[in-house]
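Asker:
In our numbering, the protein residues as written are 37 to 190.
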């Protein structure tokens with residue numbers, strides 16, 4: 037088994053597992069028929085399609101040439117994950133504008149090609165866009181700025 041495309045085989049097996057799990061989770065829903073679909077018809081059909089796609093990808097990986105797993109670029113993985121965590125922790129304390137600004141700055145550090153000045157401009161623009169969209173246009177109840185010194189406590 038020296039001629040296996042490892043990444044494709046791993047993803048194919050992942051898709052088979054996800055499709056099988058989805059199929060098992062919707063097994064109790066009524067199937068119905070094509071003319072009169074029940075609640076389980078589409079989820080079951082989609083889970084079968086995911087399993088078939090995973091089997092096809094895994095089968096192709098077994099006959100394809102050997103491909104090793106690529107090296108993981110840890111900088112983007114860590115910084116994007118940190119940006120998501122920062123958003124979750126900072127939003128209730130810092131407000132939407134400051135949180136979006138900081139999250140974009142941290143996420144921008146994931147790429148070595150982004151300059152600090154460009155990152156600041158993009159962060160300001162996205163923070164303004166987020167406030168305009170979510171607070172003013174959609175009327176969601178987000179605090180735009182930190183509310184009080186009490187909001188800074190963990």
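Here a beta-carbon is modelled for each residue, glycine too, at the ideal position from N, C-alpha and C.
Since this is a predicted model, take the numbers as computed values, not measurements.
Mapping the DSSP letters down to three states, classify residue 153 as helix, strand or coil.
Answerer: Helix.
Asker: Expressed to the nearest angstrom, what Euclidean distance is found between the alpha-carbon atoms of residue 131 and residue 179?
Answerer: Near 5 angstroms, if we compare the C-alpha coordinates of residue 179 and residue 131.
Asker: Roughly how many angstroms separate the alpha carbons of residue 146 and residue 108, rounded to a whole number?
Answerer: Their Cα atoms are separated by approximately 13 angstroms.
Asker: According to DSSP, simplified to helix, strand and coil, what is residue 68?
Answerer: The answer is strand: DSSP assigns residue 68 an E or B state.
Asker: Return the first residue and the last residue of the alpha helix (DSSP H) that residue 95 is part of.
Answerer: Note, residue 95: alpha helix (DSSP H), 77-99.
Asker: Between residue 53 and residue 45, what straight-line distance do the alpha-carbon atoms span, to the nearest angstrom?
Answerer: So the two alpha carbons sit approximately 12 angstroms from each other.
Asker: Could you name the residues that DSSP lists as bridge partners for residue 103?
Answerer: Residue 103 pairs with 41.
Asker: Would you kindly work out how many angstroms separate the C-alpha atoms of residue 39 and residue 94, rounded to a whole number?
Answerer: About 13 angstroms.
Asker: Beta carbon of residue 84, beta carbon of residue 48: below 9 angstroms?
Answerer: Taking 9 angstroms as the Cβ cut-off, residue 84 and residue 48 do not qualify as a contacting pair.
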